[in-house]
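Engineer: Here the protein sequences come in this chain order: V and F. Heads up: the first sequence is residues 90 to 309, going by this note's numbering. Heads up: the second sequence is residues 90 to 309, going by this note's numbering.
Number of protein chains: 2
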Amino acid sequence: MSTGTTGRELPAAAPQAAERHLRVDAQRNRERILEAASTLMATQGIDVSIDEIAQRAQVGVGTLYRNFPTKGALFEALLIARVKPLLAAARSAAGADDPGDAFVTFVRRLCDEFADFKALADAMVASGVDLSVAKHEISGELIAAVTVLLQRAQQAGRIRPDVTITDVSAMMAGLSHSDPSFMNPPQRQRCVALVCDSLLIDARSVLPQSHLAHVVTGMR
Amino acid sequence: MSTGTTGRELPAAAPQAAERHLRVDAQRNRERILEAASTLMATQGIDVSIDEIAQRAQVGVGTLYRNFPTKGALFEALLIARVKPLLAAARSAAGADDPGDAFVTFVRRLCDEFADFKALADAMVASGVDLSVAKHEISGELIAAVTVLLQRAQQAGRIRPDVTITDVSAMMAGLSHSDPSFMNPPQRQRCVALVCDSLLIDARSVLPQSHLAHVVTGMR
DNA sequence: TACTATACGGAACGATGGTTCCGCTTGTCA
DNA sequence: TGACAAGCGGAACCATCGTTCCGTATAGTA
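1. Locate the alpha helix (DSSP H) running through V:Met272, then write down its first and last residues.
2. What does the alpha-carbon distance come out to for the pair V:Ser127 and V:Gly161?
3. For F:Leu153, which residues in the same chain have their Cβ closer than 6 Å to its Cβ, ignoring the five residues on either side in sequence?
4. Near V:Ala242, what residues of its chain come up, given a Cβ to Cβ distance below 8 Å and the 5 sequence neighbours on each side ignored?
5. Is it buried or exposed, V:Lys173, if we count other Cβ atoms within 10 angstroms and call 16 or more buried?
6. Give the residues from the segment 254-280 of chain V that approach chain F closer than 9 Å (Cβ to any Cβ), ordered along the chain.
7. Please go through the same chain and pick out, in chain order, the residues whose beta-carbon is closer than 7 Å to the beta-carbon of F:Arg277, but skip the five residues on each side of it.
8. Considering only the alpha carbon of each residue, which of V:His266, V:Asp256, V:Val252 lies closest to V:Val214?
9. Which class does V:Ile142 belong to by DSSP, given the choice of helix, strand or coil?
10. Look up F:Leu296 in the DSSP assignment and say whether it is helix, strand or coil.
11. Use the C-beta contact count for F:Leu296: other C-beta atoms within 10 angstroms, 16 or more gives buried, fewer gives exposed.
12. According to DSSP, simplified to helix, strand and coil, what is F:Ile248?
13. Going by CA-CA distance only, name the one from F:Ser258, F:Val113, F:Ala234, F:Cys285 that's closest to F:Ala183.
14. For V:Leu199, which three-state DSSP category applies?
15. Can you list, in chain order, the residues of its chain with a C-beta nearer than 7 Å to that of V:Arg180? Leave out the 5 residues immediately preceding and following it.
16. Taking DSSP's pairing of strands, which residues face V:Leu289 in a bridge?
17. Just verifying my parser: in three-state terms, what is the DSSP assignment at F:Gln147?
18. Would V:Cys280 and F:Met261 be called neighbours here (beta carbons separated by less than 8 Å)?
19. Under three-state DSSP, which class holds V:Ser258?
20. At a CB-CB cut-off below 7 Å, which residues of chain F make contact with V:Ala287?
21. Please report whether the beta-carbon of V:Asp251 lies at a distance below 8 Å from any beta-carbon of chain F.
22. Rounded to whole angstroms, what's the CA-CA distance from F:Ser294 to V:Gly151? Just pull it up for me.
23. Using the beta-carbon count (16 or more within 10 Å), is V:Leu288 buried or exposed?
24. V:Asp186 lies in the alpha helix (DSSP H); which residues open and close that run?
25. Rounded to whole angstroms, what's the CA-CA distance from V:Asn118 to V:Phe206? Just pull it up for me.
26. Is F:Leu163 helix, strand or coil when you go by DSSP?
27. What does the Cβ neighbour count give for V:Arg112, buried or exposed, with the cut at 16 atoms within 10 Å?
28. Take F:Ala115 as the anchor and find which of F:Leu163, F:Asn156, F:Ile290, F:Ala170 has the nearest alpha-carbon.
29. Measuring only between beta-carbons, confirm whether V:Ala102 sits less than 8 Å from chain F.
30. Going by C-alpha to C-alpha distance, which of V:Val148, V:Gly134, V:Ala177 sits closest to V:Leu167?
31. In or out: F:Asp186 buried (at least 16 other Cβ within 10 Å) or exposed?
32. Less than 7 Å between C-beta atoms, sequence neighbours within five positions excluded: which residues of the same chain meet that for F:Phe195?
33. So the candidates are F:Asp256, F:Leu175, F:Leu176; which of them puts its Cα closest to the Cα of V:Ala282?
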């Protein structure tokens, strides 16, 4: 997929490194691009412009496109790097002693990740498809892992049995809004706690303080 | 414009419409524009292009701009028309016998509205600011009315006391996603039920079926 | 009917943003 | 050190979209 139609051979975003022998400056630039993109997508999400990324990485847009054939490819490369540890976490959580707690912990982590890297939330929201229909391999694996986690927690009698993985996905996507004006990280934590309360059979958590502590906004 | 809950008149839209004496063709075109915009924004949200609206209304873009100086103005005119009945509903709900049920009913209606008119959801999400900080007058009134409704329900011991209006706004905004691939109306209803369960002190609703066309949610 | 203020249509404009092209630079290797 | 493939930068291209402008059409009126 994504071979440049011009026949210009490009190091593919994901399965590179091994065969391809990059010149040292090219290697350095590639890393710069990834770092810049990661930083910017963390705060601005998918809406960062290519120009801005290239500028921050101190390369020209041409260089960026030599490494990643489209904006989507760059985006995906970063996303996969983010999702992989989540996948591992979900799998290990599924084997935990208390699947109920493990589930809640994982959901919390997922939402923290959204807060740390807006692009991830954007991906889940804008093309929520990816995570519920397993369009991409990695997304499919994640959703599969979370499904197992959810089932274990339900079998253990901790999560209400009528909740589906689609419900969970949808709620997570809902919490992914990153409009900082009111869905800031502390607020998100409160909402996560509420959502978890609704999923758990016998829980009523103490809501974390809202933005009084760290965040200064004009509200309230 | 699908749900004919009540005669939701399309707006006379602007304050100046009263004194201005429009030519009959101009009047007709204005109505066509509002109708086209309403239809398109219901499904596509704020992202509809002006060209598309003008085309559907069978007028030129110039005509559209003569009636509404910016895209935002047109958008706002439609939005106000949508929010007004909601405002009335919130106010009347605040005086209901059982504020807890009234609160839940209102929240459900709000989400239905999102499903029927994506632009409303977009407004709440993209500039969620409007509803939580009362940037616009009508938004401020709505949030004030819902605040009263929430407080009554809390005083009646139905809604957990640690929940704030900001929590409610944030959750509502979260549920406003309209990616039809997985946050379709039936799915949204399930999520609304879950959210309501998390807000209520002593409730565990029966989740509506996800694939049925119309659903009855029984609250206990 | 003739006149004119009002309204109309849609080409053109300017901003934005992703993508391509190509002349120039530089790392690498013999 | 010299040659050249690999890599670089960024102007230019193209598509989209909100908005403006202006020559033309017509409703309303005398």
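Backbone N, C-alpha and C fix where the C-beta goes; we use that ideal spot for every residue, glycine too. As the structure is a computational prediction, the values presented were derived from the model and not from experiment.
Structural biologist: According to the structure data:
1. Mapped onto the first sequence, residue 272 of chain V falls at position 183. Note, V:Met272: premise wrong, no alpha helix (DSSP H); not H, not E.
2. As a working mapping, residue 127 of chain V is identified with position 38 in the first sequence. As a working mapping, residue 161 of chain V is identified with position 72 in the first sequence. The straight-line gap from Cα to Cα measures roughly 13 Å.
3. Locating residue 153 of chain F in the second sequence gives position 64, counting from the first residue. Correct list, in chain order: Ile122, Ala143.
4. Numbered from its first residue, the first sequence carries residue 242 of chain V at position 153. If we look at V:Ala242 and ignore the five residues flanking it on each side, its Cβ neighbours are Pro188, Gly189, Ala191, Phe192, Ile248.
5. Here residue 173 of chain V refers to the residue found at position 84 of the first sequence. Per the 10 Å Cβ criterion, exposed.
6. Thr255, Asp256, Ser258, Ala259, Met260, Ala262, Gly263, Leu264, Ser265, His266, Asp268, Ser270, Phe271, Met272, Gln276, Arg277, Arg279, Cys280
7. Here residue 277 of chain F corresponds to residue number 188 of the second sequence, with the count starting at 1. Closer than 7 Å at Cβ, skipping near neighbours: Cys200, Ala204, Leu264.
8. For the purposes of this step, residue 214 of chain V is identified with residue 125 of the first sequence, where counting begins at 1. The option with the nearest alpha carbon to V:Val214 is V:His266.
9. Taking the first residue of the first sequence as position 1, residue 142 of chain V is located at position 53. Three-state DSSP puts V:Ile142 in a helix.
10. By 1-based counting over the second sequence, the position of residue 296 of chain F is 207. If DSSP states are grouped into helix, strand and coil, F:Leu296 belongs with coil.
11. Reading the second sequence from its first residue, position 207 is the one you call residue 296 of chain F. Counting Cβ neighbours within 10 Å, F:Leu296 comes out buried, since at least 16 surround it.
12. Taking the second sequence and counting its residues from 1, one reaches residue 248 of chain F at position 159. Reduced to three states, the DSSP call for F:Ile248 is strand.
13. Mapped onto the second sequence, residue 183 of chain F falls at position 94. Per the Cα distances, F:Ala234.
14. Taking the first residue of the first sequence as 1, we reach residue 199 of chain V at position 110. The answer is helix: DSSP assigns V:Leu199 an H, G or I state.
15. The residue you call residue 180 of chain V lines up with position 91 of the first sequence. Here the set comprises Ala234.
16. Taking the first sequence and counting its residues from 1, the one referred to as residue 289 of chain V is at position 200. Paired residue(s): V:Ile248.
17. If you number the second sequence from 1, residue 147 of chain F lands on position 58. Residue state, collapsed to three classes: coil.
18. Looking up residue 280 of chain V in the first sequence gives position 191. Looking up residue 261 of chain F in the second sequence gives position 172. No, they are not a contact pair.
19. Position 169 of the first sequence, counted from the start, is the residue given in the question as residue 258 of chain V. It is helical.
20. Within the first sequence, the letter at position 198 stands for residue 287 of chain V. Rather than Ala, the amino acid found at residue 287 of chain V in this sequence is Ser. Residues of chain F passing the Cβ test: Leu283, Val284, Asp286, Ser287.
21. Stepping through the first sequence from its first residue, residue 251 of chain V is reached at position 162. Yes, V:Asp251 lies at the interface with chain F (some Cβ there is under 8 Å from its Cβ).
22. Your numbering for residue 294 of chain F matches position 205 in the second sequence. Your numbering for residue 151 of chain V matches position 62 in the first sequence. In a straight line, the C-alpha of F:Ser294 is about 56 Å away from that of V:Gly151.
23. Taking the first residue of the first sequence as 1, we reach residue 288 of chain V at position 199. Buried, by the Cβ-count rule.
24. Along the first sequence, read from residue 1 onward, the residue named residue 186 of chain V stands at position 97. Neither: V:Asp186 is in no alpha helix (DSSP H) and is coded neither H nor E.
25. For the purposes of this step, residue 118 of chain V is identified with residue 29 of the first sequence, where counting begins at 1. For the purposes of this step, residue 206 of chain V is identified with residue 117 of the first sequence, where counting begins at 1. Their Cα atoms are separated by approximately 22 Å.
26. Translated into the one-based positions of the second sequence, residue 163 of chain F becomes position 74. Three-state DSSP puts F:Leu163 in a helix.
27. The sequence position of residue 112 of chain V within the first sequence is 23, counting from 1. Exposed, since its Cβ has fewer than 16 Cβ neighbours within 10 Å.
28. Position 26 of the second sequence, counted from the first residue, corresponds to residue 115 of chain F. Looking at the Cα atoms, F:Asn156 is the closest of the given residues.
29. Taking the first sequence and counting its residues from 1, the one referred to as residue 102 of chain V is at position 13. Because the pLDDT at V:Ala102 is just 38, under 50, the model does not fix this residue reliably, and the value given afterwards should be weighed accordingly. So no, V:Ala102 is outside the interface.
30. Reading the first sequence from its first residue, position 78 is the one you call residue 167 of chain V. If we check each option's Cα against that of V:Leu167, V:Gly134 comes out closest.
31. Position 97 of the second sequence, counted from the first residue, corresponds to residue 186 of chain F. Exposed: under 16 other Cβ atoms inside 10 Å.
32. For the purposes of this step, residue 195 of chain F is identified with residue 106 of the second sequence, where counting begins at 1. The residues are Ala178, Ala179, Ala182, Leu238.
33. Numbered from 1 along the first sequence, position 193 holds the residue referred to as residue 282 of chain V. Ranking F:Asp256, F:Leu175, F:Leu176 by Cα distance to V:Ala282 puts F:Asp256 first.
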